[in-house]
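Numbers 67 to 398, taken from my numbering, label the letters of the sequence shown in order.
Backbone N, C-alpha and C fix where the C-beta goes; we use that ideal spot for every residue, glycine too.
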Amino acid sequence: MLTKKQNLLETIRGGNPDRFVNQYEAFQMAFTPIMMQSPMPEYGGEPVVNAWGVTNAWPKGTPGSFPVHTPDKIVIKDITRWRDYVKAPPTKFPEAAWEPFIKAAEEVDRDEYFLTPFVAPGIFEQCHHLGEIQNTLINFYEEPDDMKDLIKYLAEWEVAQAEEICKYLKPDGLFHHDDWGSQTSTFMSRDMFEEFLLPAYKDIYGCYKENGVELIVHHSDSYAATLVPCMIEMGIDIWQGVMTTNNIPELIKKYGGQISFMGGIDSAKIDFDGWTPEVIEKEVKKACDACGKLYFIPGASQGLAMSTFPGVYEATTEAIDKYSKVVFGNPA
């Protein structure tokens with residue numbers, strides 16, 4: 067029987083996996099003092115302000131936290147003066163601050179798991195967390211030079227962060243968030259994406275790859291099929307969060323071998339009050355039958371090993387394991 071790590075590599079390389087990669091089983095998430103300087107809001111709790119000055123809240127019944135964008139809370143009041151408002155937090159910390167994170171990384175079995183630092187938000191999300199989503203999308207059109215300068219600033223910070231992560235944790239994977247669309251469309255055209263975001267991500271993901279990171283996993287639970295060529299160019303190995311509004315079988319047929327796809331089970335279809343194992347098993351079977359054994363990892367579209375309603379993630383894992391035995395047979 068292959069290890070979880072070996073089975074994932076067989077799957078994304080077009081080899082001979084002996085079962086479906088089961089959601090996040092091959093990833094051991096890692097965290098850093100850089101991220102920990104930004105407190106996370108508690109589910110249903112009071113808003114908190116992070117190291118960038120962004121106010122975040124996590125309302126009950128929602129899958130994650132999101133910025134509070136009342137006029138008084140928006141960090142960038144005027145994009146033409148973004149330098150007056152945006153002050154990047156430090157990326158350099160003394161080795162003592164890294165020690166608990168290094169210790170946790172050293173305890174990971176690298177034969178079984180990819181050590182994957184968790185990085186969020188990404189460049190696009192950071193732009194609209196700082197400036198509010200509608201304002202930010204308008205600014206791409208009305209103030210492109212300032213947006214490019216802001217993105218360059220954020221990308222340079224991310225590269226500096228990447229260098230510290232690689233120096234201290236020596237990861238072999240990366241799990242990086244940045245949502246690039248809604249359920250039915252991208253937030254910008256492919257041409258605009260290539261102009262504004264692709265260069266930044268080539269620098270960021272290029273830095274990780276140059277420092278020994280083997281696997282880049284990018285989360286965007288959205289429609290983003292038109293951006294797959296950009297994902298390949300920037301070095302993404304697995305697009306996590308791919309929803310069924312993308313034609314996943316067609317994407318696998320066209321791009322399998324260059325990139326793999328993790329998801330195929332929309333969280334909204336299984337992660338709700340009143341969910342049942344039968345509903346989850348139906349969605350798991352549908353995804354696995356449609357997408358096949360190679361270049362596809364079945365899982366909920368949500369961007370971590372968790373669910374909004376208790377028990378859903380675990381039931382999905384059980385359903386994938388159960389159906390994997392049907393498709394592959396019991397591995398020796």
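Whole angstroms is fine: what's the gap from residue i's alpha carbon to residue j's?
i: E384; j: G377; result: 11 Å
i: R256; j: I298; result: 13 Å
i: I140; j: K359; result: 45 Å
i: N277; j: E108; result: 34 Å
i: T136; j: I282; result: 35 Å
i: T374; j: S333; result: 9 Å
i: A398; j: G81; result: Here A398 scores only 45 on pLDDT, less than 50, and its place in the model should not be relied on; the value that follows carries that caveat. Looking at the two C-alpha atoms, the distance is approximately 17 Å.
i: E347; j: F132; result: 30 Å
i: D287; j: M67; result: 31 Å
i: T311; j: D387; result: 25 Å
i: M102; j: K169; result: 16 Å
i: P129; j: H284; result: 18 Å
i: Q227; j: E280; result: 17 Å
i: Q324; j: G369; result: 22 Å
i: E209; j: T250; result: 26 Å
i: F167; j: P187; result: 20 Å
i: P83; j: A381; result: 22 Å
i: C273; j: E344; result: 44 Å
i: L203; j: V114; result: 25 Å
i: R147; j: T157; result: 24 Å
i: E112; j: G127; result: 15 Å
i: N201; j: F338; result: 32 Å
Can you tell me whether residue i is helix, strand or coil according to DSSP?
i: G272; result: helix
i: P166; result: helix
i: T252; result: strand
i: F180; result: strand
i: Q72; result: helix
i: V87; result: coil
i: G247; result: strand
i: A171; result: helix
i: G358; result: coil
i: A154; result: coil
i: T383; result: helix
i: S390; result: helix
i: L216; result: helix
i: M67; result: coil
i: K143; result: coil
i: Q227; result: helix
i: W51; result: This structure cannot speak to residue 51, because the chain is shown only from 67 to 398.
Inspect the beta-carbon positions of residue i and residue j and report whether they are closer than 8 Å.
i: G330; j: A290; result: no
i: S326; j: I78; result: yes
i: G301; j: K320; result: no
i: S390; j: R85; result: yes
i: F159; j: I100; result: yes
i: K70; j: E173; result: no
i: Y90; j: A353; result: no
i: H195; j: V120; result: yes
i: I142; j: V134; result: no
i: G395; j: Y361; result: no
i: A171; j: A96; result: yes
Cutting at 6 Å between CB atoms, please list the residues of its own chain near residue i, excluding the five before and the five after it.
i: F93; result: F180, T182
i: I363; result: V87, M328
i: E349; result: I331, K335, I336
i: L74; result: V87, A92
i: A356; result: P315
i: E76; result: N82, P83
Bridge partners for residue i per DSSP, in chain order?
i: N396; result: Paired residue(s): none; N396 is not in a bridge.
i: N122; result: V114, P133
i: H242; result: V185, H284
i: V308; result: G329
i: A96; result: P183
i: A366; result: I331
Counting only the same chain and skipping the five closest in sequence on each side, list residues whose C-beta sits under 7 Å from that of residue i.
i: I231; result: T98, P183, P237
i: N116; result: S104, P105, N122
i: L293; result: W246, T252, R256, F259
i: W341; result: F375, V378
Ordered along the chain, which non-local residues of its own chain (more than five positions away) have a Cβ less than 8 Å from that of residue i?
i: I189; result: I217, L220, A221, E224, D244, L263, A266, Y267, I270
i: N313; result: A291
i: E191; result: H243, D244, D245
i: N205; result: I145, G197, D212, M213
i: E161; result: Y234
i: E317; result: For the record, residue 317 in the displayed sequence is Leu; it is not Glu. So the qualifying residues of the chain are A291, V294, V308, F327.
Please confirm if residue i has its CB atom under 8 Å from at least one CB of chain B.
i: I336; result: The chain labelled as chain B is not found in the depicted structure, where only one protein chain is given.
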